[in-house]
Every structure is written in structure tokens, then in C-alpha cells.
Amino acid sequence: MRSPRRLIALLLMTAAVLFAVRLAALPYVRATSLIVRTAGLEKQHPTLAALQTSTVVERKETVPSRFGPLRANVYIPTNGFSRAVLLTPGVNALGIAEPRLVSFARNIAASGLLVMTPELPDLSRYLVTARSTDMIEDAALWFANNESLTKGEPIGIAGISFAGGLSMVAAGRPSLRGRIAFAFSFGGHANFQRVLHYLCT
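In case it helps, my numbering puts the sequence shown at residues 50 to 250.
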């Protein structure tokens with residue numbers, strides 16, 4: 050028969066191990082839930098879709114830029130957030146109101162990241178201009194300096210489609226040094242020369 054002290058020690062160790070495993074698994078659980086929701090599989094996997102999610106509050110912002118004010122949508126998880134992410138829209142006439150972008154931003158926010166989507170007026174008019182990169186830089190700088198939205202932490206930048214490459218360029222600019230935690234592109238161009246050839250012919 051085991052002594053009560055050994056039994057208590059064993060139970061405490063088991064609880065500590067389970068707690069550590071739970072903490073280590075949380076990012077993977079959130080990621081799985083995000084993938085299920087983004088893929089539109091909520092009906093097939095409702096339990097997975099609902100794991101570690103938060104309700105989301107949306108608000109409008111006006112972001113200053115060197116070319117004039119930019120509209121932006123902010124998606125705030127009500128359970129708090131671990132990081133803020135600037136999500137830039139690709140070439141689309143609907144811009145920041147494009148339903149897939151809105152849904153994606155909501156899903157990311159529901160997973161615990163605060164998301165801001167700035168308008169890029171040239172891309173919504175199907176214009177490829179250097180100033181779109183400048184607007185992304187300006188929006189990222191304003192966002193990174195807005196401690197009420199970012200907790201004073203470096204932000205992430207994620208660009209969709211054509212804005213993916215532009216976001217990578219903006220993220221590498223000197224004004225954003227030390228203010229960017231990560232940058233990545235969803236479906237951005239792999240070969241810019243080929244993209245320009247396609248757009249010009």
C-alpha cells in the first residue's frame with residue numbers, strides 16, 4: 050500500500066505534466082481550429098472549429114499616410130490577444146470589404162490575434178503603383194506605434210495575393226526595423242518579373 054504522501058506527490062506530478070502538455074498544445078489547437086474555420090469545415094467538425102476561439106468586435110479606424118487618410122477595419126478578439134497583425138488586401142475592387150478578406154480577418158481574430166486591414170486604394174482600382182508599398186509602410190508604422198492596439202509589441206504583417214510581395218518590401222524598410230515580429234505572404238507572386246510581364250501584355 051502506498052503512503053498518502055507518495056500518492057499526493059504522484060497526483061501533483063501528474064497534474065503538473067497534464068498542465069504542461071495543455072500549455073504546449075494550445076498553439077496547435079488554435080491553429081487547427083483556424084484551419085477548420087478558414088476552410089469552411091465548421092459543419093463537418095463543429096467541435097474543432099469552436100476550440101480556443103473568441104468572439105470578435107469590429108471597429109473602423111482612419112490611418113494617416115503620406116497620401117492622405119486610409120480607411121481600415123480592426124478586428125479585436127474579446128478574450129484578449131497575443132499579437133497584432135496588419136493584413137493587407139490583394140487586388141480586388143471591394144478592397145477591405147471583400148467578403149473572403151473579412152471572413153479571414155474575423156477567423157484570425159477569433160484565434161486570438163488582433164487584426165487590422167488597411168485600404169489600398171490603388172490595388173482596389175487595379176493599379177500597380179509604388180505608393181501602395183508606401184501606404185503599407187505608413188499603415189504598419191501607425192499600427193505599430195498605436196499601443197492601445199498593439200500593447201507596444203512588434204506587429205506581424207501578412208499580405209494577400211499581390212499585396213504579399215508589397216508587404217514583404219514594406220516590412221523590410223528602415224522605418225519598421227524592430228517593429229515587425231513576422232512577415233509573410235498568402236499567395237503572393239514568386240516571380241515579380243513574370244507578374245509584370247503578365248500585367249503589361
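Cβ coordinates follow ideal geometry from the N, Cα and C atoms, glycine included.
Where residue i falls: helix, strand or coil (DSSP)
| i | result |
| --- | --- |
| S152 | helix |
| S234 | strand |
| V164 | strand |
| T87 | helix |
| T81 | helix |
| A239 | coil |
| T63 | helix |
| A142 | coil |
| H246 | helix |
| A71 | Sequence inspection shows Arg at residue 71; the Ala mentioned does not correspond to that position. R71: helix per DSSP, three-state reduction. |
| S52 | coil |
Element boundaries [beta strand (DSSP E), containing residue i]
| i | result |
| --- | --- |
| V123 | 119-126 |
| R108 | 105-112 |
Those residues which DSSP pairs with residue i across a bridge
| i | result |
| --- | --- |
| F211 | Its beta-bridge partners do not exist; DSSP assigns none. |
| R132 | L162 |
| T137 | G208 |
| I57 | DSSP, once it has assigned bridges, lists no residue as partnering I57. |
| I157 | Answer is none; I157 lacks a bridge partner. |
| I229 | I204 |
Among the options, nearest to residue i - alpha-carbon criterion
| i | options | result |
| --- | --- | --- |
| A193 | V164, A239, G208 | V164 |
| S224 | A212, F235, D183 | D183 |
| R222 | L150, I206, F68 | I206 |
| L176 | E202, S114, G139 | G139 |
| H94 | A121, T81, R71, R228 | T81 |
| P126 | I145, V105, A232 | V105 |
| A133 | A159, A212, P113, A73 | A159 |
| V123 | D171, N156, E107 | E107 |
| S234 | S197, V244, G208, G227 | G208 |
| T166 | G144, R71, T63, R54 | G144 |
| A232 | R55, R54, I185 | I185 |
| A188 | L162, A220, R55, L67 | A220 |
Endpoints, alpha helix (DSSP H) assigned at residue i
| i | result |
| --- | --- |
| F222 | Contrary to the premise, residue 222 reads as Arg rather than Phe in this sequence. It is not in any alpha helix (DSSP H) - R222 carries neither H nor E in the DSSP assignment. |
| R180 | 179-194 |
| P203 | That residue, P203, is in no alpha helix (DSSP H); it is neither H nor E in DSSP. |
| L172 | 170-173 |
Check: residue i C-beta below 7 Å from any heavy atom of the ligand COA
| i | result |
| --- | --- |
| G208 | Although the ligand COA was asked about, the structure shown includes no ligands whatsoever. |
contact_flag[the stretch 132-151, the stretch 75-95] where n(CB pairs < 8 Å) is 3 or more:
no
Is the stretch 147-156 touching the stretch 111-119 in the sense that three or more CB pairs, one from each, lie closer than 8 Å?
no
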